[in-house]
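Protein chains in written order, with my numbering: chain A, 1 to 405; chain B, 406 to 1004. A short write-up of the structure that comes next.
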Amino acid sequence: MSAADAPASGVDLAGLYVHVPFCSAICPYCDFAVTTGNARLRAGYVDSLLAELDAWSADARERFGAFDTLYFGGGTPSALEPALLSRVIDACRERFDLPSDAWLSLEANPEDVDAASAASWRALGVRTVSLGAQSFDDASLRRLGRRHDGRRARESVAIALEAGFETVSVDLILGLPGQTLESWCRDLATAIALEPHHVSCYQLTIHESTPFARQRAAGRLEELAEEAQADLYARTHEDLAAAGFAAYEVSNFARGAEHRSAHNSKYWRHAPYLGLGMSSHSFDGRRRWWNERAIGPYRDRVAAGELPIAGAETLNDAQLALECVMLRLRTAEGLPLRCFHERFGVDLLGRNRAAIELLVAGGRAVLDESSLRLLPPGLAIVDAIVRGLQVDPGYGDGGAGPKGR
Amino acid sequence: MKNYRNFCIIAHIDHGKSTLADRLIQACGAVGDREFRDQILDSMDLERERGITIKSNTVSLEYTSKGGEPYVLNLIDTPGHVDFSHEVRRSLMSCEGALLVVDASQGVEAQTVANLYLATEYDLEIVPVINKIDLPSADIDRVSEEIDADLGLDPFEAVKCSAKNNIGIDDVLEAIVTRLPAPSGSAEGPLTALIFDAQYDSYRGVVLLVRVRDGSIRPGQMIRLMHTGADYEVEEVGTLRLAKVRTAELGAGSVGYVIAGIKTIQDINVGDTITDAARPANAPIPGYREAKPVVFSSMYPMSSDDYDDLAKALDKLRLNDAALSFQKVSSAALGFGFRSGFLGLLHLDIVQERLEREFGMSLLLTAPTVQFRVTQADGTVLDIDNPSYYPDPSTIEKVEEPFIRASIMIPDKYLGPVMELCREQRAQETSFDYLAVGRVEVKSELPLAEVLFDFYDRLKTITRGYGSFDYELLDYRPTDIVKVDILVNKERVDALSQLLHRDKARQRALHYCERLAKTIPKHQFKIPIQGAIGGTVIARTTINAFRKDVTAKCYGGDVTRKRKLLEKQKKGKAKMKMVGSVEIPQEAFVAVLKADPEE
């Protein structure tokens, strides 16, 4: 399947993701595939990435066509020496259809950001740097197990702006245990005052088998109550909107459409993406697969010349439709109802009229001719809204198969 | 006839009735050791597990006395619970004597006394048996004193045994033939035979268990059931060993079975009298009473797809349980189900458990209720056992509810709290007697409806398990009943409506509301949960709307996991019951309908 046929995605080109699992320390809330590593391991990992690229080579062109984004995520991509990053970027350009104007993004930890590193990333063609500040408050940062302090976080934003990245993004975490509305607003205000182009605000999620989960089980960590979380979330939208940051997804805010993450938007638009590196997921419009999650099996399989795929699923139309609703409702564009009807044969509005009217009446959603869009109070409960929507074609239609194609 | 002995064994629960029956059966060689299993007469798993007999069973034993005389001993096993007292009565009427078993360490208990009263009501000769005499805790002197003081029987005549360890069983057998009377009756007839039980056999139809008083029954004979008036031709008669043994006839004084082409158990009434259609007796055997359900509840399958299976399962259960009655009902919240009548809470419990175990059903039962007698202003009288049919209060002249006489035996140190419990349960007359040093019997006239709810559990809690409880129905008495509705988001949930005494209405309604508030998940809107009498709200809780339910991150690696979770959640939602626009999970109904209110 070519990218042009990707469901509900129109003409989106594919995105390329590279996972960099290294971190200087493992944060107690993190459930990503990460490892602390050392210089030798990092170089070895890049060798593995190149081997995986080789294993794909021609096949990737056929299945994904051209990529217009390359995103380094982690872990901490900024922990990778610029020379190693360069090897990966060069290899991608050599083997895949990755034009020179493709948008390069890099996640970075504040402690890795200085004038020299910023300049070398710029030189590599990185256009977006996404800074994992998480907070500007020293106590919160300690609580989160971060290595940097508030001052370092602020400096990193200034350095990145100075270095001339086209988009500088700041990641913040809200809903920390014990966080008050005031302390969160201070973090937000600090971020706004630094004038980045983009802010991501993630509600703290306590994943199973993380240190935070164990602390919670032992009664040493208490999550913020739902009401307090909701207040923080609502305030986040208010303050950022007032400062010119428009929400374009549940947790993402940009000062102008040009600063939105083109790469991440592909996930929500169901565009195809190819993930490289351990634990990465890929999607070609119909099939999704994921790589080995642990570094050992990943390294061994690519060394043997194999693709390191650990599992895969082929989505039927019902599953694609469900994902489409689940992902699109997270975005400011919302769910294109007519396109959805044409693609999946499901009249979502007809099937859910009462529920949708309730959302609109409650100020949680806006319905116009072409789409259903959630407002911040709706985004705050988007999971519940999606649970409540009937996405199958309805009784008597003979299941969830497509009607109009 | 003089060598027949028809007897039963009566005892408080757990005093060893079934074990004694087992030993008597073995001693008479009715069963080889290899086929033997404990509680051989209790054929249902449920009976074995709970140590109670639900269906009565009967066995004929051949015994040669120490004097060399051959006897036929008909052991008529009786159900051991107050809910089944109509079956107990039928069984007692078929006997001339009874073994009254008393546990050597527990002594006389509530049901020992109740059963003795029942047995003497039918003029049975009683032989007291002190069982479990080899237990270290056995106190034969104290128990003898209790037999004298509480039962008014001669303790020196008590036979001492240990059924478990086969001690004194010969003495029990000798006492049966020497001290219990032979049946009396006229061999020439006309035929009268009491139907004391009936079973259903899928090949032969209904098998009647009968005690012949006068005359005899043989194949080919036309018989008439005197209360129903129906005539049948006898196909087969026989005696009840552990299996049925065909015989040429059943003569006066004997106990056995009759097969007469009767299709269903609903065609007959246990307690009816069989007579000869060609030469009928003048009158049936007295004491006939129809078994009437006193407790009502609606049963719904957890999954509405299982309605047909529930219907089939109930039909099968009814084949062997004439006391079970049911009719189709439908609830907006729970779909189709059956309104069913039971002899008591234990009967309800047993039916539910059999449906769940033997038929794999998963059920929701609405709060059990009694039958109220409603007299309307125009003079019409309605028996209401279903809140849905409760008439408009403005048309009601008066309402009456059934009262019981509870007999509660407790160690005297709990007297105060138990009297208080009775008062709380709207007792009208409460008195007490000292039965022996330290033991008190409290008699109390209580509304049956109160006993249904939590009386027994609270009694057990208050008396730390030492209290025993028994009851009989008394009469209907005026009461102040209201229909309490539960409203979820202003919509009435029909399955949760209840008929309650006005004094209890607020507390119970609040309990329901609180339970629902805990178990109904948050919605996008605020959900008021109210208890109401007519238009008046008497209890209220609120489920707040949720304001935050969102996964913070949803990127390439999160989509599959998140979709799978969503698919699972959607499956779960499909099982929810819709009341208006509120989704109520099964657990909410279960929490409300099954929960212990003391929690």
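All C-beta atoms in this analysis are idealised placements derived from N, C-alpha and C, irrespective of residue type, glycine included.
The secondary-structure analysis by DSSP pairs asparagine 291 of chain A across a beta bridge with A/Ile309. Nearest in C-alpha terms to proline 533 of chain B, of all of B/Leu504, B/Leu497 and B/Gln757, is B/Leu504. For leucine 905 of chain B, the secondary structure class from DSSP, reduced to helix, strand or coil, is strand. Cysteine 918 of chain B sits away from isoleucine 943 of chain B, with the two beta carbons spaced by 7 Å or more. Proximity of serine 251 of chain A to chain B, defined by a Cβ-Cβ separation below 7 Å, is satisfied. Taking 7 Å as the threshold, the shortest C-beta distance from glutamine 203 of chain A to chain B falls below it. Taking the Cα positions, arginine 353 of chain A is about 39 Å away from alanine 213 of chain A.
Bridge pairing for lysine 958 of chain B: absent [DSSP]. Remark: C-beta atoms of tyrosine 409 of chain B and proline 588 of chain B approach each other more closely than 7 Å. Nearest Cα to glycine 676 of chain B within the set B/Glu514, B/Tyr693, B/Ala683 and B/Phe874: B/Tyr693. Against chain A, the beta carbon of lysine 978 of chain B has neighbours under 8 Å at Arg387 and Gly388, listed in chain order.
In terms of Cα proximity to threonine 190 of chain A, the closest of A/Thr236, A/Glu94 and A/Gly178 is A/Thr236. Its chain contains Gly620, Thr680 and Asp681 as the residues whose beta carbon lies nearer than 6 Å to that of leucine 596 of chain B, once the 5 sequence neighbours on both sides are disregarded; these appear in chain order. With a threshold of 7 Å between beta carbons, arginine 288 of chain A makes contact with chain B. Proximity of the region 221-239 of chain A to the region 942-961 of chain B meets the contact definition, three or more beta-carbon pairs being nearer than 8 Å. Rounded to whole angstroms, the gap between the alpha carbons of proline 792 of chain B and aspartate 714 of chain B is 26 Å. Closest option to valine 898 of chain B, judged by alpha-carbon separation, among B/Ser745, B/Val889 and B/Leu905: B/Val889. In terms of Cα proximity to leucine 558 of chain B, the closest of B/Tyr712, B/Leu425 and B/Thr525 is B/Thr525.
Excluding sequence positions up to five before and after alanine 51 of chain A, its CB lies within less than 8 Å of the CB of Val302, Ala303 and Gly305, all in the same chain and listed in chain order.
In the three-state DSSP reduction, phenylalanine 245 of chain A falls in the coil class, being neither helix nor strand. Here alanine 432 of chain B is not bridged, per DSSP, to any residue. Excluding sequence positions up to five before and after asparagine 109 of chain A, its CB lies within less than 6 Å of the CB of Thr76, Ser78 and Gly132, all in the same chain and listed in chain order.
Look at methionine 981 of chain B here: in three-state DSSP terms it is coil, with no helix or strand label. The alpha-carbon of serine 812 of chain B is positioned some 12 Å away from that of leucine 840 of chain B.
Scanning its chain for C-beta atoms nearer than 8 Å, with the 5 sequence neighbours on each side dropped, one finds around valine 382 of chain A the residues Val250, Leu329, Arg330 and Leu374, in chain order. Judged by their CB atoms, proline 377 of chain A and arginine 387 of chain A are not nearer to each other than the 7 Å cut-off. Around the beta carbon of asparagine 520 of chain B, 16 or more other beta carbons lie within 10 angstroms, which makes this residue buried. Under a 10 Å Cβ-count criterion, asparagine 252 of chain A is classified as buried, with 16 or more other Cβ atoms of the shown protein chains found around its own Cβ.
Glycine 65 of chain A and aspartate 97 of chain A have their C-alpha atoms roughly 7 Å apart. Residue burial annotation: arginine 220 of chain A is exposed, with fewer than 16 other C-beta atoms found within 10 angstroms of its C-beta. With 16 or more neighbouring CB atoms inside 10 Å of its own CB, valine 113 of chain A falls in the buried class. At a cut-off of 7 Å between C-beta atoms, phenylalanine 777 of chain B does not count as an interface residue with respect to chain A. Counting along the chain, the unbroken alpha helix (DSSP H) around glycine 378 of chain A starts and ends at 376-379. Looking at A/His148, A/Glu223 and A/Phe67, the one whose alpha-carbon comes closest to that of alanine 25 of chain A is A/His148. For glycine 936 of chain B, the secondary structure class from DSSP, reduced to helix, strand or coil, is strand. According to the DSSP assignment, aspartate 546 of chain B belongs to no beta strand (DSSP E) but to the alpha helix (DSSP H) extending over 545-554.
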